[in-house]
Amino acid sequence: MFLILVQQTLEDISKQITEASTQVWKRLIGFIPEIGSAFLILVLTLLLARFVRRTISRAMATTKADQNIQSLVVRIGGIAVWLVGLAVTLSVLNVDAAALFAALGLTGAALGFAIRDIIANFIAGVVLLSTRPFKIGDLVTIETFEGIVEDLAIRATILKTVDGKEVAIPNAKVFSAVVVKHSLQSSRRVIINLPIDDSCSFEQVKDIVLNTLKNFEEITEDPAISISITSFSANVINLEVWFWVKPEFGLGIISTQTKLAIKAALDKEGIQLVPANTMTLFTKNEQIIK
0 MFLILVQQTL EDISKQITEA STQVWKRLIG FIPEIGSAFL ILVLTLLLAR
50 FVRRTISRAM ATTKADQNIQ SLVVRIGGIA VWLVGLAVTL SVLNVDAAAL
100 FAALGLTGAA LGFAIRDIIA NFIAGVVLLS TRPFKIGDLV TIETFEGIVE
150 DLAIRATILK TVDGKEVAIP NAKVFSAVVV KHSLQSSRRV IINLPIDDSC
200 SFEQVKDIVL NTLKNFEEIT EDPAISISIT SFSANVINLE VWFWVKPEFG
250 LGIISTQTKL AIKAALDKEG IQLVPANTMT LFTKNEQIIK
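In numbering that gives the first Met the number 0, the protein residues as written are 0 to 289.
Shown next, in the form of structure tokens:
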């Protein structure tokens with residue numbers, strides 16, 4: 000009797016599992032048309048968004064609108080297409096967007112917290128594109144990064160640095176940062192301080208430095224290289240070398256290369272730079288360096 004009861008129980012469980020599996024498969028099979036339609040809508044949305052962006056870009060190119068404004072209009076057009084496409088996709092799938100967000104816990108403060116950075120970067124990007132503190136192709140310094148603006152996207156500003164790296168800086172950070180805009184048509188100045196012993200000939204050092212710097216094609220002829228005495232201290236003559244780097248070359252790289260070249264040229268002539276914080280004391284018969 001017990002075995003018969005167990006057998007009937009197992010048969011009932013097996014029957015329930017089979018019916019449940021059948022129902023799941025029926026629902027999945029019945030849902031295939033909606034999934035296929037949704038996938039097709041997303042593909043069409045992708046293609047349409049590209050077409051709209053290209054069309055707007057070509058239309059804006061015929062106007063005299065600023066490049067930043069053109070970029071903003073193109074992006075807004077693409078986003079609008081995607082919003083419509085996503086809305087249609089959810090409708091085809093019979094998905095209630097509000098219920099979906101509620102199920103994911105993305106309501107109220109949670110939703111605001113989740114997309115806070117996205118919204119902040121988007122708004123900052125729109126403001127930057129509208130106010131135009133700089134445009135694509137400008138040479139700028141943003142915080143510690145210096146480079147040419149390659150793109151001003153909705154989320155971030157893309158810089159190509161002087162050493163060839165691409166840096167993406169969030170627009171919200173760009174909006175609140177100090178931005179230095181350099182003119183691509185103007186040269187930038189490099190200043191090198193040279194402390195030399197007062198026993199050295201100023202004219203000799205000047206000639207060595209000038210001949211060294213003239214080997215750098217990155218340095219402009221106008222304005223010309225300038226070498227002057229800034230101050231005297233205890234047995235030290237402090238020189239200051241000014242020169243200007245052509246706009247198409249990296250400032251930091253040329254500054255380093257010229258300093259190394261000047262140091263090597265002075266060493267070759269036996270002229271040593273006086274180390275910082277060095278004091279020279281004299282006794283009656285000898286010279287002591289501390």
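For each residue, glycine too, the CB sits at the ideal point set by N, CA and C. The model shown is predicted, which means the values in this text are computed figures rather than measured ones.
Taking all protein chains shown into account, decide if residue i is buried (16 or more other Cβ within 10 angstroms of its Cβ) or exposed.
i: Val145; result: One detail in the question is off: residue 145 reads as Glu in this sequence, not Val. That one is buried.
i: Asn284; result: Low per-residue confidence applies at Asn284: pLDDT is 44, beneath 50, and the placement is therefore not dependable, though the value from the model is reported in the following sentence. So Asn284 counts as exposed.
i: Gly269; result: exposed
i: Thr255; result: exposed
i: Phe242; result: buried
i: Pro274; result: exposed
i: Leu128; result: buried
i: Ala304; result: This structure cannot speak to residue 304, because the chain is shown only from 0 to 289.
i: Gly251; result: exposed
i: Phe231; result: exposed
i: Leu45; result: exposed
i: Ile117; result: exposed
i: Ile253; result: buried
i: Ile261; result: buried
i: Leu71; result: buried
i: Leu43; result: exposed
i: Gly124; result: buried
i: Ala263; result: exposed
i: Leu39; result: exposed
i: Ala155; result: buried
What do you reckon, are the CB atoms on residue i and residue j nearer than 8 angstroms?
i: Val51; j: Val80; result: yes
i: Ile153; j: Arg74; result: yes
i: Val173; j: Ile141; result: yes
i: Ala37; j: Leu82; result: no
i: Val139; j: Val179; result: yes
i: Pro194; j: Leu272; result: yes
i: Ile218; j: Val244; result: yes
i: Ala119; j: Ala58; result: no
i: Ile236; j: Asp197; result: yes
i: Val208; j: Ile226; result: yes
i: Gln69; j: Ser90; result: no
i: Leu238; j: Ile228; result: yes
i: Gly77; j: Leu41; result: no
i: Phe215; j: Thr257; result: yes
i: Ile135; j: Val148; result: yes
i: Arg188; j: His181; result: no
When DSSP builds the beta bridges, which residues end up paired with residue i?
i: Ile147; result: Leu138, Lys159
i: Phe242; result: Val189
i: Asn237; result: Pro194, Ser230
Locate the alpha helix (DSSP H) running through residue i, then write down its first and last residues.
i: Gly269; result: It is not in any alpha helix (DSSP H) - Gly269 carries neither H nor E in the DSSP assignment.
i: Leu127; result: 115 to 130
Going by the C-beta, is residue i closer than 7 angstroms to any heavy atom of the ligand NAP?
i: Glu149; result: No copy of the ligand NAP occurs in the structure displayed, which carries no ligand at all.
(request) Tell me the start and end of each unbroken beta strand (DSSP E) in the segment 150 to 235 that is at least 3 residues and wholly inside, in chain order. (result) 155 to 160, 165 to 169, 178 to 181, 187 to 196, 225 to 232
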